[in-house]
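Structure first, then comments.
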Amino acid sequence: MKIKKHIPNLLTLLNLFCGCIALVFVSESKFLIGFSFVCLGIFFDFFDGFFARKFGVSGPLGVQLDSLADMVTSGVAPGFVMFKMLLQNNQGGFEYLPYLGFIITLGACYRLANFNIDTRQSDSFIGLPTPANTLFIMSLPLVIEECHFLFLSELLSITWVLLFITLLSAFVMNAEIPLFSLKIKNFSVSKYKLQTGFVLGSILMIGTLQFLSIPLIILSYVLISIGHNFWVKK
13 MKIKKHIPNL LTLLNLFCGC IALVFVSESK FLIGFSFVCL GIFFDFFDGF FARKFGVSGP
73 LGVQLDSLAD MVTSGVAPGF VMFKMLLQNN QGGFEYLPYL GFIITLGACY RLANFNIDTR
133 QSDSFIGLPT PANTLFIMSL PLVIEECHFL FLSELLSITW VLLFITLLSA FVMNAEIPLF
193 SLKIKNFSVS KYKLQTGFVL GSILMIGTLQ FLSIPLIILS YVLISIGHNF WVKK
């Protein structure tokens, strides 16, 4: 039995393991550590597919494992973060309102199930991928804690703003919005002008805005894709 046959599934299970650890730290409101483990899980999630294709061992078991692992790391984790944020800012509000944060988890579940049967998303995405959505949601408490923009911190502490973000998150993951592909098959700047510009802009934002750059990059990705789709149709 060849060891390399099991490497992709092992990486998938490491993704799941990281998601479980992230949940523990989020439960203790240690959002930065939780975010770090989610990022590590997404790293494993990327490379499980990479090695499955490289070794030619893609199969139905790997597909199912991948979705189940993503359901924790990119489904339950961001929903739990939103639950915690709503719980912390729901002073004197409806007692069960924070549970609405798990609408993100429901949206991620539907997205992952639909992705498995949607043959249109082999090279690009329709709707925001769950890992990108997870990075967006997981970065919000870090923006509050680490960012020096008082206005944003106060804005993200308003219950109804958080509920709007929750609903928008679930919608964008499942909306019929084609997003430009970030899969670059050869290093040709002229062929991948949009992708190159986006990557360079993202690096610049990360270097200058730190944690605030993460939600801005995700928002930019969606908005640029919408603009690009409109331009192409013209």
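Take the sequence shown: its position 197, counting from 1, is numbered 209 in the working numbering, and each next residue is one higher.
Glycine is no exception: its CB is placed at the ideal position from the N, C-alpha and C atoms.
Fair warning: this is a prediction, and the values are worked out from it, not measured in the lab.
query, result
"Pro190 in three-state terms, based on DSSP", "strand"
"Nearest-angstrom Cα separation, counted from Met185 out to Leu175", "16 angstroms"
"Three or more C-beta pairs below 8 angstroms linking the stretch 14-31 and the stretch 71-90", "yes"
"Proximity to Phe55 [Cα-Cα], best of Lys96, Thr146 and Val173", "Thr146"
"Phe192 vs Leu206 beta-carbon contact at 8 angstroms", "yes"
"Length-filtered (4 minimum) alpha helix (DSSP H) runs lying within the stretch 70-109", "72-83 and 89-101"
"7 angstroms Cβ shell around Ser70 - same chain, five flanking residues per side excluded", "Ala64"
"Residues of its chain near Asp158, where Cβ-Cβ distance is below 7 angstroms and the 5 sequence neighbours each way are ignored", "In the sequence as presented, Asp is not what sits at residue 158; that position holds Glu. Result list for Glu158: Gln222 and Phe223, in chain order."
"Cβ-Cβ separation, Ser151 to Phe47 (assumed contact under 8 angstroms), whole Å", "7 angstroms"
"Check whether Val234 and Ile170 have beta carbons under 8 angstroms apart", "no"
"Cβ pair Gly113, Leu124 closer than 8 angstroms", "no"
"For His240, the nearest candidate out of Gln133, Ile177, Phe210 and Arg132 (CA to CA)", "Phe210"
"Nearest-angstrom Cα separation, counted from Ile236 out to Lys245", "14 angstroms"
"Three-state secondary structure assigned by DSSP to Phe161", "coil"
"Beta bridge counterpart(s) of Ile138 as assigned by DSSP", "Pro190"
"Limits of the alpha helix (DSSP H) - the one that Lys245 falls within", "Ser225 to Lys245"
"Helix, strand or coil at Pro166 [DSSP, three-state]", "Note that residue 166 is Glu in the sequence shown, not Pro. DSSP places Glu166 in helix when its eight states are reduced to three."
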